[in-house]
Structures are given as structure tokens and as C-alpha cells.
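Those sequence lines, one after another, are chains A and B.
Anchor point for the first sequence: position 63 equals 122 in the numbering used here, and the numbering is continuous, going up by one each time.
Anchor point for the second sequence: position 20 equals 79 in the numbering used here, and the numbering is continuous, going up by one each time.
We treat Cβ as the ideally placed atom computed from N, Cα and C, and that holds for glycine.
Only a predicted model underlies this, so the values are computations on that prediction, with no experimental measurement involved.
Protein chains: 2
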Amino acid sequence: MAEEKEVVKEITPQSEDFSRWYIDVVRKADLMDYAPVRGCIVFKPDGYELWERCQQALDRRFKETGHRNAYFPTLIPESFFEKEKEHVEGFNPELPWVTEAGGEKLEERLALRPTSETIIGYMYARWIQSYRDLPILINQWANVFRWEKRTLPFLRTTEFLWQEGHTAHATEEEAREETLRMLEVYRDFVETELAIPVIKGQKTPSEKFAGAVETYSIEAMMKDGKAVQAGTSHYMGTNFARSFDIKFLDRDNQLKYVHTTSWGVSTRLIGCLVMVHGDDRGLALPPKVAPTQVVLIPIGPAKAREEVLARARELYARLREAGIRIRLDDREEYTPGWKFNEYEMRGVPLRLELGPRDLQNHAVVAARRDTGEKLTLSQDGLVEAVQNLLAEIQQNMFKKALQFREEHSYQVETLDEMSRILEEKTGFVLAGWCGDAGCEAKVKETTKATARNIPFDPPARMSRCLVCGQPARHTVWFARAY
Amino acid sequence: MAEEKEVVKEITPQSEDFSRWYIDVVRKADLMDYAPVRGCIVFKPDGYELWERCQQALDRRFKETGHRNAYFPTLIPESFFEKEKEHVEGFNPELPWVTEAGGEKLEERLALRPTSETIIGYMYARWIQSYRDLPILINQWANVFRWEKRTLPFLRTTEFLWQEGHTAHATEEEAREETLRMLEVYRDFVETELAIPVIKGQKTPSEKFAGAVETYSIEAMMKDGKAVQAGTSHYMGTNFARSFDIKFLDRDNQLKYVHTTSWGVSTRLIGCLVMVHGDDRGLALPPKVAPTQVVLIPIGPAKAREEVLARARELYARLREAGIRIRLDDREEYTPGWKFNEYEMRGVPLRLELGPRDLQNHAVVAARRDTGEKLTLSQDGLVEAVQNLLAEIQQNMFKKALQFREEHSYQVETLDEMSRILEEKTGFVLAGWCGDAGCEAKVKETTKATARNIPFDPPARMSRCLVCGQPARHTVWFARAY
Numbered sequence: 060m061a062e063e064k065e066v067v068k069e070i071t072p073q074s075e076d077f078s079r080w081y082i083d084v085v086r087k088a089d090l091m092d093y094a095p096v097r098g099c100i101v102f103k104p105d106g107y108e109l110w111e112r113c114q115q116a117l118d119r120r121f122k123e124t125g126h127r128n129a130y131f132p133t134l135i136p137e138s139f140f141e142k143e144k145e146h147v148e149g150f151n152p153e154l155p156w157v158t159e160a161g162g163e164k165l166e167e168r169l170a171l172r173p174t175s176e177t178i179i180g181y182m183y184a185r186w187i188q189s190y191r192d193l194p195i196l197i198n199q200w201a202n203v204f205r206w207e208k209r210t211l212p213f214l215r216t217t218e219f220l221w222q223e224g225h226t227a228h229a230t231e232e233e234a235r236e237e238t239l240r241m242l243e244v245y246r247d248f249v250e251t252e253l254a255i256p257v258i259k260g261q262k263t264p265s266e267k268f269a270g271a272v273e274t275y276s277i278e279a280m281m282k283d284g285k286a287v288q289a290g291t292s293h294y295m296g297t298n299f300a301r302s303f304d305i306k307f308l309d310r311d312n313q314l315k316y317v318h319t320t321s322w323g324v325s326t327r328l329i330g331c332l333v334m335v336h337g338d339d340r341g342l343a344l345p346p347k348v349a350p351t352q353v354v355l356i357p358i359g360p361a362k363a364r365e366e367v368l369a370r371a372r373e374l375y376a377r378l379r380e381a382g383i384r385i386r387l388d389d390r391e392e393y394t395p396g397w398k399f400n401e402y403e404m405r406g407v408p409l410r411l412e413l414g415p416r417d418l419q420n421h422a423v424v425a426a427r428r429d430t431g432e433k434l435t436l437s438q439d440g441l442v443e444a445v446q447n448l449l450a451e452i453q454q455n456m457f458k459k460a461l462q463f464r465e466e467h468s469y470q471v472e473t474l475d476e477m478s479r480i481l482e483e484k485t486g487f488v489l490a491g492w493c494g495d496a497g498c499e500a501k502v503k504e505t506t507k508a509t510a511r512n513i514p515f516d517p518p519a520r521m522s523r524c525l526v527c528g529q530p531a532r533h534t535v536w537f538a539r540a541y
Numbered sequence: 060m061a062e063e064k065e066v067v068k069e070i071t072p073q074s075e076d077f078s079r080w081y082i083d084v085v086r087k088a089d090l091m092d093y094a095p096v097r098g099c100i101v102f103k104p105d106g107y108e109l110w111e112r113c114q115q116a117l118d119r120r121f122k123e124t125g126h127r128n129a130y131f132p133t134l135i136p137e138s139f140f141e142k143e144k145e146h147v148e149g150f151n152p153e154l155p156w157v158t159e160a161g162g163e164k165l166e167e168r169l170a171l172r173p174t175s176e177t178i179i180g181y182m183y184a185r186w187i188q189s190y191r192d193l194p195i196l197i198n199q200w201a202n203v204f205r206w207e208k209r210t211l212p213f214l215r216t217t218e219f220l221w222q223e224g225h226t227a228h229a230t231e232e233e234a235r236e237e238t239l240r241m242l243e244v245y246r247d248f249v250e251t252e253l254a255i256p257v258i259k260g261q262k263t264p265s266e267k268f269a270g271a272v273e274t275y276s277i278e279a280m281m282k283d284g285k286a287v288q289a290g291t292s293h294y295m296g297t298n299f300a301r302s303f304d305i306k307f308l309d310r311d312n313q314l315k316y317v318h319t320t321s322w323g324v325s326t327r328l329i330g331c332l333v334m335v336h337g338d339d340r341g342l343a344l345p346p347k348v349a350p351t352q353v354v355l356i357p358i359g360p361a362k363a364r365e366e367v368l369a370r371a372r373e374l375y376a377r378l379r380e381a382g383i384r385i386r387l388d389d390r391e392e393y394t395p396g397w398k399f400n401e402y403e404m405r406g407v408p409l410r411l412e413l414g415p416r417d418l419q420n421h422a423v424v425a426a427r428r429d430t431g432e433k434l435t436l437s438q439d440g441l442v443e444a445v446q447n448l449l450a451e452i453q454q455n456m457f458k459k460a461l462q463f464r465e466e467h468s469y470q471v472e473t474l475d476e477m478s479r480i481l482e483e484k485t486g487f488v489l490a491g492w493c494g495d496a497g498c499e500a501k502v503k504e505t506t507k508a509t510a511r512n513i514p515f516d517p518p519a520r521m522s523r524c525l526v527c528g529q530p531a532r533h534t535v536w537f538a539r540a541y
């Protein structure tokens, strides 16, 4: 017991060292452990369940928008990468290679997929002949591999889990629509289920996916003011179709290249959840994805224990019956105080306490993880009260995160201004940009902030490029990023 | 259209060449395609959806029995395999190796997991200290790799999908209970959801999992009389605990090794489904896992088309509303006859036809995939009638498969008898066995049949070993197997 208590105390305060705080939380809340392979982690049950809930919520949305799942091989022949020039340059340095198998040296090296455009492109070329075969709307749930130099649990690991949608269309218009449709699916999912506000926008050319014509992203702000790219959606034009010869006979009897898209989100969303909602007490999980939404803890002296426990079991059964993910912690080897800390640290959105006095008053004490607020609920109508509270917590967490982002967002006219702000503060900075890659590079060099995206819906339109002072072609969100 | 018609006609009859029939069906029913990597396949949406339905049905059962999901790395250091002697001998020849990554040669080769006992054992050693940490009940959904010499779609591929449960317990008794509990979960799942009857039993020592003390299996009979091991559950004793030093401090203050289990089923179940239920018309899918349970096809002359379609859409909406996975095929470029063949080939359990005469009679014609039987249903109460029919088809498919297995099961006293039977017939052969590995090897050498398992509940107890004539220690099911 002493040991576990220390575990909670060990969380470094965010203000002291945000990176250490993050590592402390993901380890102590039991989301992950380091694996004995460079840059790999184990997703422990509480961490993995967050991903499972993301999967369910996303998969439903993918199917509602007409997509089906499929599965393509992990191993990709080296020659495939060489077919798309930008793609190979983007991914080659990060690939792990299988060179031996079944006791023999392979004739051609096989990469562990970093993403599946190439192998899927190859298959689509075989499957698509006529306009009647289009569109192809396929998603894949898979593990992918990128040999990154610096790794960070969930946010950047050698192996991670993700989904990758890959679609092929007869026309540019349809493919562009799909690209934006899936970006909106991501926004809706991340904001609704994860309570994380995001900014939708288009990536600058230097930040595009390797091989894409256009890349769009949703960007989220962490509690240290840094950005995380939470999801991306790419319009590939006919780039991959040309590389893999994906052609179809159109209604007009012309042989044409298809237009393709791809889009993905990954287990880095788990890292986002932690960094957006967590605090010095530990994790804080939005009710919609929390493995445990409610913990019920019996309290009071030993002599009242049996009576309290009997009622606790009743209430537990009632809430569970209603579909609430509730845990009754009636362990005797831990004190209520220890349990309070423990479940706060693990981010359980709502705690219910039940003691002898509550039995008399036909009440339950509820404590919210998001606000710390304590309220007394009647045992009558408890299911509805808890459901309402969970909904309120979900909304409040979104609101708080949005407010935080707004309080940490700035607008600047010049690079000097941006530098000053980013020296003193952390956050997102809106600025005008002429469109020149040199100016963009200068921002990064000076401030370490990168162009996050060109938002669809900026709070203001900036008129001049922050670097060169020429007329701005775009208004861009800049930030330091994970 | 001409082309697609040929596709259906191309299915080789089972009686002519069962292997060719199988390949024809999995390709033409669009379950898979060959990938450009040796022994790998692409799971196309209809094939993958069968796996998704298996996953849902299994995952529910795993969670009901107290298990949680987690995810461990794909890459396993070479040294891990060397810690368990039998394990390394069993798997080493089949491993693909990553030897280069991030532009450098690795110091230690990394295997793509063929199964995860070793890396999970390593992690469990870190997680388990006290009896309070036990049991650990974890399952993983993952891709695994085995560089097999001969491959066959779904049944044996270089990469396949599976789940692997890995549990650790304080006592032998508890671990043995878990091993048998999960075997029963598999039996229930395969018989209830896939309508495939299986034989539960224990593997002979020579057929055990590499590193296990005891291996149990469920065995299914394909339509060519051959066996497929549809699921396995292993009691590892303390073998892996000793190799990976997984010890705990027990209540009695003694440091003890944990007892571990592992259990798995894989995408080979898709191959089983095809080979158990399919026929010369193609695939036949049990309603519980069929991606499309019902197809509704409007028929009749063009002049009645609008009226028929309007009613078809109504009925479609009603059935869909009730949760039935229905497709309305109102495409005009295909004839009803073509569609009938197509959906039979794809294994859709129930076809509904609606024509002008049916409108008059307020009826729908239903055709069962399992029996070919046609019935007339009233449009009133159609939902219930269809639901009942689907339930009946599910049961009938199980009954038919069971009957087939019983008709192709034999009992023999001697190896001669077994040889004669397996020359003329195909199927499972029950025989006595003295327990000597030499006698078991002799059976295989003579008949190519292997010991499938020692059934818990054999139809008879055989008294003598079929090879040596000594008293039988076990009664064993033998069969040729995939």
C-alpha cells in the first residue's frame, strides 16, 4: 500500500517539467510500459481500451459513410517504394527491413509498412477496370512501423496502431469531396468523443504527406501549448495512380487514371487525450472513452460496513444495468482516501461515495474529476442523475480545452513579435504568410514553430507575411509541435 | 456481364478437385486476393467482414470471462526465443528477421512474432510481484508471421490475423481451469456462430505446442473429410515462467513461479467456414456471420418495375430497421437469373424475390441457400418470418455439418483397417492407442493421418492400440489434416 501511494505522489507537476509529467502519468495510470525493443511500447489494458473505444467510434462513422474494412500485407517489397519518388524519399530513412526468412536470405528486401499506399495501389490496379468498379472505399486497421530517432510513448513510437483509409474515385471532384468528408469525420469524432477541440485546415506544401497533392489536418493544442497533428486526410491526385498504373475505362470509353485519397488517425490520440485533459493529479478522461466512467467507493466505520456494502451493490447493479461503465471498489486493504487519489490519478470522470449517513439520507455523494466539485445526489433517479453528470462532464471538458486554447492563441504581424511571444509564452500563433517556402523555413529556424495548417475558418485574416512583409496569400497557424 | 457470368461457372466441382474448388470459391466470392509477397493474401472486404464478426463474437466472450485486451510489440529480439528450448526449436525455422532499420544494421536480429509467449512472458515478469497481481487475464488481437513452405489462402499464410490469450495464475489448478474454460469458449463460439461442429480433446505429446505441458484443441471436419484444428488452448505449466523468471510472493510468503496458459484462434476459421459449408454452387454462410444475410431481388417485366421497386424499398426498410443485414439489388444491368447465381455463389443465406404477382398476393418468395427450398411468405409479419428462417438456416447448417461428420467417421481396431478405409473413403477414424510415439508415427507414415486429439467424449472406448495391439491407453481421433 505504501508503495502504491508513492506512485501517485511521484507525478511531476506540469509547471515543473511537462515532459516528465507526461511520462509519469502514462506510466502510473497504467496506460503503457516500455518494451524491450527500441522505441516500442506495450499498450496495457487501460491504454488499449482507450484505443478500442476510438476504434468503435470511428469504425461506426466509417461504415456510415460507406467504407468497408479490408486487410493488406505488412511486408512491402522494396521495389514498391521506388515507384513514387516523393514517397520513397519521405519514408525510406524510417523503414525496418526484413532481409532473411525461413532460414534463407531474401532476394528482395521487404519493408515493414510505414503506411500502405504502395501495396494498396498495386492491388487497386488489379481490381479496377471500369467506372463501375468505382469508387473503392476501403479502410484498414493495422500496425505500422517507423524507425524514429526520438520516441515518446503514444506520440512517436517505432510501432504504432492506426487506421488508414484508401479510396479511389473516377473524378477529381469526388476524390476532393472524400478528402474533406473524412477530415470532417475526424473533427467530429475528436471533438465529440475525445472532447478535444481541433483546428481544421490545409497543410503548407512543405508539411504535406510524401506523394500527396494536398494534405489536410486537424490540429490540437496540448497543455504545454504545443501542437499535435491529430488526424490527416490527403488528396493524392493521380500521383499514385500513375505510379501504380491504376486506370479505368470511363463511361466515355476513355482510359483514365483514378484519383485517390488516404486518411488516418493513430494511437497518438491517446497521448493527445493525456496532454489535453490531464493535470497535476494525473489523468482525466472524457466519459465517452473512459474505460471506467464511475467508481463507487463505500466509506465509513467497520461496524456499518455490511449495511453500506449491501446498498452499494444495489446501486452498482442499477447503474451497470443502465449501461454505465462502473466499478465498485470494496477492497478492504486500501483506505477510502487512497482510493480517491488512485481513481483521480487514473482519470475516472466521476466518483460516488456511499457511507452510513448517506444511507440515512437516501443520498450518494458525487465528486467530479473535471472540476473537483462535490454534490449530493438522491438515490432515487440516480441513473438519470449520473447520466446527466457524465454528459455535463464531457461537455465541460471540451469547453475547458477550448478555453485553454483560446487563452493560448495569439495573432502577430511580424516574426519579431512571434519570437517574443514564443519566448515568454506557449501556444498557437496566427500570422500572415506570402506562400514562400523560404519565409516558412525562416519562421522555423527562428522560433522552432512550424506551420500547423492554413485554417478553413481563421479568427482573422492577416494581410502581410510575417517574415517578408509582402502581401499574405494565406493566414497560418504556427506552433511548436510534437 | 458476360465476364461475371463465367466467373460463377468456373467453380470446379468439389468431387472433381476439392483444392481447386476451394481456391475458386474464395477468389470468386471475393473473400481474398493473392498479394505480391510470397504466401501473403489480401483480405478483401467480404473476407475481412467474416473475421470482424468472429472478432466481435469472441471479444464479447473473452470480456464476459474477465479478460482484457492489450497490445505487445511485433518485433521480438532473437535472444528471447533462445530462453525456451522447445519453443525456439518449434518456431525458429519459420521466422522472418528484421536485420536493418533506420539505415543501419541492427546489433541483434528482431523476429516478426510467430506468437507472443516470449515477449509477454518478459513483460509479465516485470508486472507480477505478489499474489495480488494475479491472475493476469490478457488477450491480444494481432497479426503474426510464419514463413511456411506450402501456403493456402486463410488456412496457412505467411502473415495471418489471430487472437492470442495469455494468462498467468498463482496455482496449477486455476491455470488448468482457465485452459479448459477457453477451450469451451471456442467450442461454443465455433458451433453457435459458425455452425461448425467440433471435437474437443487433448493433443498427443507429439502434436503439442512448442513449450506447452498440455495442448487441447477443437477439430473440425472439412467436406473432403480432412481435419482442421480450429482452435487451441495450452497449459504451459511453469515452463515459460522459469524461462522468463516470472515469480510471485504467495500468501504463505514463498516465492513461486506462476502457471501460464495461452490460447488462440485465427483467420484460418474463414477457410473452415468455406470448406465446411460450401458446395458446387459456391460459398454458403451461416446467417450469424454472413456480411449479407438477405438479398432482396425485384423481378418481372419492365412495365411493372416502378410499382415493384416501390414495395421492395418498403420491405427493405422494414427488414433493415429490424437489424437484418439486407441488400436490395435493383441494378438494371443484371438479370434476375444472374443475380440468383451470384448471391448463391457468395453464400447469402436467404434470397427474397418480389414480382408483380407477389404484389397482388401480398407475398414474397423466399429461397434458402442451405436447402434450395422455395417458400412463399406473407408480406405481413415478414420481419418475424425472416428472422425465424435465418435462425432455422443457422441450426440446419450446423445439423448438416454434424451429420456429414458422423457419416464420415469410422472406428477401427487395426492399422490395416484404417489404411483400407482411408484409401477408399475420407474422414475421421477413431482408434485405440497405447501411448507410444512410435506407434503414432507409424500411423502417419502408413496413412498420412495424424492424431487429431484424444476426445473428452469419444463415441466409443477402444481397447487395443491399432498398431501394436497392446492395451490402449487412449482412444484417439485420427485424420489427414490441413
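Which one or two residues does DSSP pair with residue 91 of chain A in a beta bridge?
Position 32 of the first sequence holds residue 91 of chain A. Residue pairing by DSSP places residue 91 of chain A opposite A:102 in a beta bridge.
Does residue 192 of chain B have its Cβ less than 9 Å from a Cβ in chain A?
As a working mapping, residue 192 of chain B is identified with position 133 in the second sequence. With 9 Å as the cut-off, residue 192 of chain B does not count as an interface residue toward chain A.
Enumerate in chain order the residues of its own chain whose CB-to-CB distance from residue 316 of chain B is below 7 Å, with the five nearest sequence positions on each side excluded.
Here residue 316 of chain B is taken as the residue at index 257 of the second sequence, counted from 1. Taken in chain order, the residues that qualify are 297, 300, 301, 305 and 306.
Can you give me, in chain order, the residues of the segment 483 to 503 of chain A that have a beta carbon less than 7 Å from any beta carbon in chain B?
none
Check whether the Cβ atoms of residue 434 of chain B and residue 424 of chain B sit closer than 9 Å, and answer yes or no.
Against the second sequence, residue 434 of chain B aligns to sequence position 375. Against the second sequence, residue 424 of chain B aligns to sequence position 365. In contact: residue 434 of chain B and residue 424 of chain B (Cβ atoms closer than 9 Å).
Just checking my contact of residue 346 of chain B with residue 418 of chain B at CB under 8 Å: how many whole Å lie between their CB atoms?
Locating residue 346 of chain B in the second sequence gives position 287, where the first residue counts as 1. Locating residue 418 of chain B in the second sequence gives position 359, where the first residue counts as 1. Actually they do not touch by this definition, with Cβ atoms about 27 Å apart.
Here's a check: name, in chain order, each residue in its chain whose Cβ is nearer than 7 Å to the Cβ of residue 110 of chain A, leaving out the five neighbours to either side.
The sequence position of residue 110 of chain A within the first sequence is 51, counting from 1. So the list reads 102, 220, 326 and 329, once near-sequence residues are dropped.
Under 9 Å, Cβ to Cβ, is there at least one residue of chain A near residue 129 of chain B?
For the purposes of this step, residue 129 of chain B is taken as residue 70 along the second sequence, with counting starting at 1. It does; some Cβ of chain A falls within 9 Å.
Does residue 420 of chain B get closer than 9 Å to chain A when you measure Cβ to Cβ?
As a working mapping, residue 420 of chain B is identified with position 361 in the second sequence. With 9 Å as the cut-off, residue 420 of chain B does not count as an interface residue toward chain A.
Find out if the Cβ-Cβ distance for the pair residue 171 of chain A, residue 155 of chain A is shorter than 9 Å.
Taking the first residue of the first sequence as 1, we reach residue 171 of chain A at position 112. Taking the first residue of the first sequence as 1, we reach residue 155 of chain A at position 96. A contact, by the Cβ cut-off of 9 Å.
Alpha carbons only, please: which of A:135, A:254 and A:84 is nearest the one belonging to residue 429 of chain A?
Taking the first residue of the first sequence as 1, we reach residue 429 of chain A at position 370. Nearest of A:135, A:254 and A:84 to residue 429 of chain A, Cα basis: A:254.
Residues of chain A with a CB under 9 Å from the CB of residue 156 of chain B: which are they?
If you number the second sequence from 1, residue 156 of chain B lands on position 97. From the beta-carbon of residue 156 of chain B, the residues of chain A found nearer than 9 Å are 157, 158, 159 and 160.
Please tell me whether residue 449 of chain B has its Cβ less than 9 Å away from any Cβ of chain A.
Looking up residue 449 of chain B in the second sequence gives position 390. Not closer than 9 Å to any Cβ of chain A, the Cβ of residue 449 of chain B fails to qualify, so no.
Spell out whether any CB of chain A is found under 9 Å from the CB atom of residue 312 of chain B.
Counting from 1 along the second sequence, the entry for residue 312 of chain B is found at position 253. Chain A contact via Cβ: absent.
Short of 7 Å Cβ to Cβ, which residues in the segment 70 to 100 of chain A face chain B?
92, 94, 95, 96 and 99
Once DSSP output is grouped into helix, strand and coil, what is the label at residue 458 of chain B?
The sequence position of residue 458 of chain B within the second sequence is 399, counting from 1. Looking at residue 458 of chain B - three-state DSSP - the assignment turns out to be helix.
Residue 264 of chain B and residue 94 of chain A - do their beta-carbons sit closer together than 9 Å?
The residue given as residue 94 of chain A occupies position 35 in the first sequence. The residue given as residue 264 of chain B occupies position 205 in the second sequence. Contact flag unset, no.
Can you check whether the C-beta of residue 224 of chain B is within less than 9 Å of a C-beta belonging to chain A?
If you number the second sequence from 1, residue 224 of chain B lands on position 165. By this cut-off, residue 224 of chain B is not an interface position.
Rounded straight-line distance, which links the Cα of residue 169 of chain A to that of residue 204 of chain B:
Here residue 204 of chain B is taken as the residue at index 145 of the second sequence, counted from 1. Here residue 169 of chain A is taken as the residue at index 110 of the first sequence, counted from 1. Looking at the backbone, the Cα of residue 204 of chain B and that of residue 169 of chain A are separated by about 13 Å.
Please list, in chain order, the chain A residues whose beta carbon lies closer than 8 Å to that of residue 103 of chain B.
Looking up residue 103 of chain B in the second sequence gives position 44. What residue 103 of chain B touches in chain A: 129.
Tell me the rounded alpha-carbon separation between residue 531 of chain B and residue 514 of chain B.
Position 472 of the second sequence, counted from the first residue, corresponds to residue 531 of chain B. Position 455 of the second sequence, counted from the first residue, corresponds to residue 514 of chain B. So the two alpha carbons sit approximately 14 Å from each other.
What's the call for residue 491 of chain B, buried or exposed, on a 16-neighbour Cβ count within 10 Å?
Taking the second sequence and counting its residues from 1, the one referred to as residue 491 of chain B is at position 432. Classification for residue 491 of chain B: buried.
Along the segment 130 to 145 of chain B, what residues have a CB closer than 7 Å to any CB found in chain A?
130, 131, 132, 133, 134 and 136
Where does residue 65 of chain B fall in DSSP's three states?
Counting from one through the second sequence, the residue named residue 65 of chain B turns up at place 6. Residue placement at residue 65 of chain B is poorly supported in this model, since its pLDDT is 38, which falls under 50; the coordinates are not used for a value here.
Indicate whether at least one CB of chain A lies closer than 9 Å to the CB of residue 214 of chain B.
The sequence position of residue 214 of chain B within the second sequence is 155, counting from 1. No, its Cβ sits nowhere closer than 9 Å to a Cβ of chain A.
Under a three-way DSSP split, which group does residue 507 of chain B fall into?
Looking up residue 507 of chain B in the second sequence gives position 448. Note: residue 507 of chain B maps to coil in three-state DSSP.
Span of the alpha helix (DSSP H) holding residue 397 of chain A?
On the first sequence, residue 397 of chain A is found 338 positions in, with the first residue counted as 1. First-last of the alpha helix (DSSP H) with residue 397 of chain A: 395 to 404.
Taking only beta carbons into account, state which residues of the segment 159 to 186 of chain B come closer than 8 Å to chain A, listed in chain order.
159, 160, 161, 162, 168, 169, 171, 178, 181, 182, 185 and 186
Could you pull the start and end residues of the beta strand (DSSP E) that residue 168 of chain B belongs to?
Locating residue 168 of chain B in the second sequence gives position 109, where the first residue counts as 1. Its beta strand (DSSP E) spans residues 163 to 171.
Is it true that the segment 368 to 375 of chain B meets the segment 458 to 478 of chain B, where meeting means three or more beta-carbon pairs spaced less than 8 Å apart?
Because the criterion of three Cβ pairs below 8 Å is not met, the segment 368 to 375 of chain B and the segment 458 to 478 of chain B do not touch.
Give me the residue from B:539, B:512, B:235 and B:523 with the minimum Cα distance to residue 258 of chain B.
As a position in the second sequence, residue 258 of chain B is number 199, starting the count at 1. Ranking the options by Cα distance to residue 258 of chain B, first place goes to B:512.
Between residue 469 of chain B and residue 486 of chain B, how many whole angstroms is the CB-CB distance? I'm expecting something under 8 Å.
Sequence index remark: in the second sequence, residue 469 of chain B carries index 410 (1-based). Sequence index remark: in the second sequence, residue 486 of chain B carries index 427 (1-based). With 8 Å as the limit, residue 469 of chain B and residue 486 of chain B qualify as a contact, their Cβ atoms being about 6 Å apart.
For the alpha helix (DSSP H) containing residue 144 of chain A, name the first residue and the last one.
In the first sequence, counting from the first residue as 1, residue 144 of chain A sits at position 85. First-last of the alpha helix (DSSP H) with residue 144 of chain A: 144 to 150.
The segment 138 to 146 of chain A contacting the segment 136 to 145 of chain B, beta-carbon criterion three pairs below 8 Å
no
What is the C-beta distance between residue 352 of chain B and residue 385 of chain B, in whole angstroms, given that I count them as a contact (C-beta under 8 Å)?
On the second sequence, residue 352 of chain B is found 293 positions in, with the first residue counted as 1. On the second sequence, residue 385 of chain B is found 326 positions in, with the first residue counted as 1. Indeed, because the Cβ distance is near 7 Å, the residues count as touching under 8 Å.
Compare the Cα-Cα distances from residue 392 of chain B to each of B:379, B:357 and B:178 and report the closest residue.
What you label residue 392 of chain B is simply residue 333 of the second sequence in a count that begins at 1. The shortest Cα separation from residue 392 of chain B among B:379, B:357 and B:178 belongs to B:357.
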